[in-house]
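Chains as they are written, first to last, in the numbering used here: chain Y, 104 to 361; chain G, 104 to 361. Note that CB positions come from ideal geometry on N, CA and C, so glycine has one too. Each remark here refers to the structure printed beneath this line.
2 protein chains.
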Amino acid sequence: MASSASFARASGEASNQISLKSVRETLIRQEDSIIFSLIERARHPYNAPAYDKSYLKSSGNSLAEIFVKEAEHLHAKAGRYQNPEEVPFFTDDLPSPLIPSYDYPQVLHPTAASVNINKTIWDMYFNELLPLFTVEGDDGNYASTLASDLAISRRIHYGKFVAEVKFRDAPVDYSSAIHDKDKDTLMRMLTFERVEEMVKRRVEQKAMVFGQEVTMEDEKDGIVDYKVNPSVVSRLYGDWIIPLTKLVEVDYLLRRLE
Amino acid sequence: MASSASFARASGEASNQISLKSVRETLIRQEDSIIFSLIERARHPYNAPAYDKSYLKSSGNSLAEIFVKEAEHLHAKAGRYQNPEEVPFFTDDLPSPLIPSYDYPQVLHPTAASVNINKTIWDMYFNELLPLFTVEGDDGNYASTLASDLAISRRIHYGKFVAEVKFRDAPVDYSSAIHDKDKDTLMRMLTFERVEEMVKRRVEQKAMVFGQEVTMEDEKDGIVDYKVNPSVVSRLYGDWIIPLTKLVEVDYLLRRLE
């Protein structure tokens, strides 16, 4: 019994419809993906050479930059960025898909395509977050390392869908702040502290569940050593994912009436 | 507190040493990775067009073949196949790494490089396993789909390390069967039914833990709906991963004295 993260399938909605319930389900499901990817990434140490621009003498780019850019080219050929939920880090010169275009539901305002804070996410992830949950060292597994490094961007840019559903719920209230380009009011309208606290508690709980050693009764040794520190996951959401998602929401709303 | 799957780091062993304990830890850790990847894959339906050779009219290859081959080229550039734990599906024409070579511990016999059952794994995964844990349908997310499809090969080929540690533990016993090319005796020597049963129970348990909906107290609705059927995971190990790992072990041992 598999469930789908694509809200259109999950909810059976008409192609331009969107509900708070389906958006919420998608956000909750993406928490699992993010925590799985943090746990996978934490198998390896920090692996500094992968992020060091001076390591590959000839190019001036880090292996991370080269790897992500080429991976995005490949994913573009498989049609990844036809899906409005997907936002590339390197937007220039992406190749066309090899496949016929898939009929994704078009629920966002067309200006959504220009909302992209991946530069901010890149800096946050590699400079601030990664050192918090990896050990120092270099195990040489840069390809595996880099393949685990990309789940957070999708989650943050899903803020476009969050903003769209909130806008549709109260278009008059939002339109007034949008016309005034009043970011503070928009941010206040988008902020629900009780929900944010619940999300932070839930992801901490998930990090405990998914990051535990699961052993059979006869193997238990009584030590609980989580694969990623649950408080780091809570902080990831509180300090970065939630604020950056709201930044995407505000960016999206400011262009919503163009 | 991150732990590493690289047994050399995890155990602090000298570069050509290997212990049953470190091999076992790596195998257990890879169970988590496999179950995470199944749960991620199960977010999407079967997505038949990705595996259909006739879908891309011009090429004669499926999108899956093109995608995996190009992804392996990229990973080769990042040095992935320098690690003796990593085995590509498409071995021809892999590019050289862009990076200096990393000093991986050399614990395997040199003939290990020729042990590769990825053709068998490919057919098993796409034809037999995937329909068991995905729903029918097509959500267009072929790139995400294909990126989740590759964790099992690494686990099965880790049988080379399992075989090496078993061989070192009883070289005289194994050498006799190897000289006689006696596959049945080797298979019998490699089989520990009690351990296999424990692995199957443990991965079923892990699928329950990692595949549950983790909710806060005030959200609970009492329904448990696992993201991947735990009995499918147990069957994946019992019917495929364990037997194919032993096939790799036998293949490796047959070349161990060359």
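Chain Y contact residues for residue i, given Cβ-Cβ distances below 7 angstroms
i	result
ASN221 (chain G)	Result: empty, since nearest Cβ-Cβ is about 17 angstroms, beyond 7 angstroms.
ASN186 (chain G)	GLY243 and ASN244
Cβ-based neighbour list, residue i, same chain, cut-off 6 angstroms, excluding 5 preceding and 5 following
i	result
ASN219 (chain G)	VAL190
SER114 (chain G)	Since pLDDT at SER114 (chain G) reaches only 41, below the 50 mark, its modelled position is unreliable, and no value is offered.
LEU211 (chain G)	PRO187, LYS263 and GLU267
LEU360 (chain Y)	ILE281
MET227 (chain Y)	TRP343
TYR158 (chain G)	PRO152
VAL171 (chain G)	PHE192
ALA105 (chain Y)	Low confidence applies to ALA105 (chain Y): its pLDDT is 36, below 50, so where it sits in the model is not reliable, and the reading given next is rough at best. Excluding positions up to five away in sequence, the list is empty.
Residue burial classification, residue i (beta-carbon count within 10 angstroms, cutoff 16)
i	result
GLN209 (chain Y)	exposed
SER107 (chain G)	For SER107 (chain G), the predicted structure reports a pLDDT of 38, less than 50, and the residue's modelled location is therefore unreliable. The matter cannot be settled from this model.
PHE264 (chain G)	buried
ARG132 (chain Y)	buried
LYS269 (chain G)	buried
HIS178 (chain Y)	buried
MET319 (chain Y)	exposed
ILE344 (chain G)	buried
PHE110 (chain Y)	Low confidence applies here, because PHE110 (chain Y) scores a pLDDT of 37, under 50, leaving its location unreliable; read the following figure in that light. Per the 10 Å Cβ criterion, buried.
GLY163 (chain G)	exposed
ARG144 (chain Y)	buried
SER279 (chain Y)	exposed
ARG146 (chain Y)	buried
ASP354 (chain Y)	buried
LYS349 (chain Y)	buried
THR375 (chain Y)	For residue 375 (chain Y) there is no data in the structure shown, the boundaries of chain Y being 104 and 361.
LYS284 (chain G)	exposed
GLU160 (chain G)	Residue 160 (chain G) is actually Lys in this sequence, not Glu. Looking at its Cβ environment, which holds fewer than 16 other Cβ atoms inside 10 Å, LYS160 (chain G) is exposed.
Residues near residue i by beta carbon distance below 7 angstroms, same chain, minus five either side
i	result
GLU188 (chain Y)	ARG257 and TYR261
ARG205 (chain G)	Checking the sequence shown, residue 205 (chain G) turns out to be Tyr, not Arg. Excluding sequence neighbours, TYR205 (chain G) sits near GLY182 and GLN185.
MET311 (chain G)	TYR329 and PRO333
LEU356 (chain Y)	ALA266, PHE270, TYR277, ILE281 and LEU289
LEU339 (chain Y)	LEU232
ASP155 (chain Y)	SER165
ASN119 (chain G)	PRO208, GLN209 and VAL210
Under 9 angstroms by beta carbon: chain Y residues contacting residue i
i	result
GLN308 (chain G)	VAL317, THR318 and MET319
PHE313 (chain G)	ASP135, PHE139, VAL312, PHE313 and VAL317
ARG304 (chain G)	MET319
Close Cβ partners of residue i (< 8 angstroms) along its chain, the five nearest in sequence each way excluded
i	result
PRO234 (chain G)	TYR149
GLU239 (chain Y)	PRO148 and TYR149
TYR207 (chain G)	ALA111, GLN185, ASN186 and PRO187
ALA246 (chain G)	PHE170
ASP366 (chain G)	One cannot answer for residue 366 (chain G) here, as it falls past the ends of chain G, which runs 104 to 361.
ASP272 (chain G)	LEU123
ARG304 (chain Y)	SER337
PRO198 (chain G)	HIS176, ALA179 and LYS180
Cross-chain neighbours of residue i in chain G, by beta carbon under 8 angstroms
i	result
GLU128 (chain Y)	The contacting residues do not exist; GLU128 (chain Y) stays about 10 angstroms from chain G at best.
PRO152 (chain Y)	ILE202
Interface residues of chain G facing residue i [CB-CB closer than 7 angstroms]
i	result
GLU143 (chain Y)	SER136 and PHE139
GLY182 (chain Y)	GLY243, TYR245 and ALA246
Interface residues of chain Y facing residue i [CB-CB closer than 8 angstroms]
i	result
LEU177 (chain G)	PHE170, GLU173, ALA174, LEU177 and ALA246
LEU159 (chain G)	LEU201 and ILE202
My parser needs the beta strand (DSSP E) runs of 3 or more residues fully inside the stretch 265 to 302 of chain G; what are they?
none
Starting from the N-terminal side, write out each stretch of the alpha helix (DSSP H) that is 4 residues or longer and does not extend beyond the stretch 182 to 267 of chain G.
221 to 226, 233 to 236, 245 to 250 and 254 to 260
Against chain Y, which members of the stretch 277 to 302 of chain G pass a CB distance test of less than 9 angstroms?
MET301
Residues within the stretch 199 to 214 of chain G neighbouring chain Y, beta-carbon criterion of under 7 angstroms:
LEU201, ILE202, TYR205 and TYR207
Between the stretch 163 to 175 of chain Y and chain G, which residues of the former have CB atoms less than 9 angstroms from a CB of the latter, in chain order?
LEU166, ILE169, PHE170, GLU173 and ALA174
What residues in the stretch 249 to 265 of chain G have a beta carbon less than 8 angstroms from any beta carbon of chain Y?
LEU249 and ALA250
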